[in-house]
Each structure stands twice: as C-alpha cells, then as structure tokens.
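Structure first, commentary second.
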Ligand SMILES: Nc1ncnc2c1ncn2[C@@H]1O[C@H](COP(=O)(O)OP(=O)(O)OP(=O)(O)O)[C@@H](O)[C@H]1O
Ligand SMILES: [Mg+2]
C-alpha cells in the first residue's frame with residue numbers, strides 16, 4: 009500500500025484550476041522530486057497535502073487514512089511535516105532549545121520523564137549529526153548561516169517524528185556547498201523518511217532524484233526517471249510554453 013495517495017485532487021481559486029484532478033502515489037521512504045514550469049501548481053499541491061489549503065475535489069490518503077479535511081495540526085500529528093521557505097525556527101533560542109521545543113510538540117512524549125530525557129538526548133544527537141549542527145548547540149538560531157538555519161528546520165521536523173516531509177525549493181538562496189550538503193542530508197533520509205521536494209535547480213535534482221514527477225497546469229504531465237522526463241517532448245514543450253522561464 010502506498011504511504012501517500014492523492015486521488016483526483018483539485019483546488020480552484022476563482023476560475024483558476026490551480027490543481028486539477030491530480031493523482032499521485034508515494035511509497036514509504038521514497039524521495040519524489042516535483043518539477044514543472046512556474047504556476048504549474050507545485051506549491052499548491054504541497055499546501056493541499058499539509059492542510060494549508062482545502063481541496064475543492066478529490067482525496068488525500070496517508071497510511072490509508074483519509075486526511076482530506078483534517079486541519080494542519082492533526083496532519084502534523086500523524087507525521088506530515090512541511091518545511092517553509094522562511095524557516096519557522098525561534099531565532100532568539102539556541103539550536104538545542106529549538107530542537108527541545110520541536111520534540112515536546114510531539115504528542116505522548118511525556119509518559120516517563122527520565123526515559124524521555126535519555127531518549128531525547130539519543131535522538132537529538134542522531135539528528136544533530138545528520139545535519140552537522142553538533143558544533144552549534146548553543147548558537148542562537150538567528151546567528152546561524154542561511155544553510156544551517158534551513159538544516160535546523162529539517163532537524164526540527166525530524167525531532168517531531170515527521171514521516172512525510174514536504175519541501176518547497178529548499179536550496180533557494182544556498183551556496184553551491186550548502187546545496188550539495190542539503191542533497192547529502194536528503195539522500196541519507198531516503199528509506200526512513202518519505203520526501204516530496206519541489207526544486208528548480210536541476211543539478212540538485214540530479215543529486216537526489218529517484219522518480220521525478222512533472223506537473224503542468226495543475227495536472228500530471230510526466231513521471232519517471234530524470235532522463236525519461238528530460239527527453240519527454242511534452243515536458244520540453246511545457247517549459248518552452250513558459251516563455252523559457254522554466255529552469256529544467
Ligand atoms: N491562494 C491563491 N489564490 C489564487 N490563486 C492562487 C493561489 N495560490 C496559487 N494560485 C495560483 O495557482 C497557480 C499555481 O500556483 P503555484 O504557486 O502552486 O505554482 P508553482 O508550480 O508552485 O509555481 P512556481 O514554480 O512559480 O513556484 C498559479 O497560477 C497561481 O497564481
Ligand atoms: Mg511554487
């Protein structure tokens with residue numbers, strides 16, 4: 009059974025069908041790159057999955073459970089996490105404090121305080137190692153570099169036990185080194201976490217891609233390996249139709 013399933017998902021803004029009958033299915037642990045020209049409906053699709061936008065049609069299933077009408081916080085509770093372009097970290101708090109807050113936002117965690125504390129330490133250590141923020145434990149989040157702040161937000165999602173992580177242009181504003189490092193983090197989350205990554209930077213997509221889904225005008229245009237979609241005439245046409253503004 010797929011972990012995430014979108015069935016004929018649609019949302020209309022006034023007369024505009026921003027997402028139009030989208031079917032999409034993701035297995036647990038897979039990383040899916042979501043591409044498409046400007047205005048294709050990629051960000052809106054993430055909004056629909058995390059609950060920020062209510063669909064006008066179709067359904068969203070996660071682990072077979074119907075999420076279609078659940079509010080954002082309930083979806084977060086079952087493990088759907090969204091990383092925003094402006095990180096939602098607490099800038100005045102340190103890295104560790106941010107991670108502690110993220111962890112305590114997780115339900116049912118206070119069953120035994122001592123067990124909780126030692127598990128927290130273990131899990132936090134793992135997460136800090138993964139995002140390489142182990143040397144910045146007591147740095148205020150507001151003083152981190154741009155890339156480090158993005159990784160802290162990913163770390164916070166991991167501390168909340170997010171199982172499906174949605175990311176919209178996560179490498180925007182990053183240096184080449186930071187982008188590379190972000191790719192390594194995503195690659196090491198494959199298998200344990202399911203990810204949807206909206207991205208225009210094709211060299212980054214090449215670093216992380218498994219299956220790639222291309223959207224256009226709210227619908228599914230193509231799906232397959234990066235080579236398959238790059239050689240797909242319909243995909244080329246969609247990007248050209250964008251006036252050459254598409255970045256793929
Ligand atoms: N809240 C909204 N109200 C009205 N129209 C919207 C709203 N959100 C998005 N749209 C429109 O829906 C369409 C899809 O937008 P969306 O932001 O999902 O595209 P995108 O694929 O993320 O594009 P980009 O690559 O430029 O980020 C666009 O035409 C956009 O103007
Ligand atoms: Mg977008």
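Numbering (our numbering), first residue to last: 9 to 256. We treat Cβ as the ideally placed atom computed from N, Cα and C, and that holds for glycine.
Assign residue i to one of two classes, buried (16 or more other C-beta atoms within 10 Å of its C-beta) or exposed (fewer than that).
i	result
residue 151	exposed
residue 241	exposed
residue 202	buried
residue 106	buried
residue 157	buried
residue 183	exposed
residue 28	buried
residue 9	exposed
residue 83	buried
residue 180	exposed
From the DSSP secondary-structure annotation, give me the bridge partner or partners of residue i.
i	result
residue 231	221
residue 70	12 and 73
residue 148	102
To the nearest angstrom, how far is it from the Cα of residue i to the Cα of residue j?
i	j	result
residue 239	residue 207	18 Å
residue 176	residue 91	7 Å
residue 77	residue 68	9 Å
residue 130	residue 246	47 Å
residue 17	residue 112	33 Å
residue 168	residue 159	14 Å
residue 229	residue 243	7 Å
residue 198	residue 218	10 Å
residue 43	residue 23	24 Å
residue 224	residue 45	7 Å
Check for me: the beta strand (DSSP E) holding residue i runs from which residue to which?
i	result
residue 13	12–21
residue 26	24–34
residue 40	39–43
residue 91	88–91
Secondary structure at residue i, three-state DSSP: helix, strand or coil?
i	result
residue 154	helix
residue 102	strand
residue 94	coil
residue 181	coil
residue 78	coil
residue 174	strand
residue 202	strand
residue 294	Since the first and last residues shown for the chain are 9 and 256, residue 294 lies out of range.
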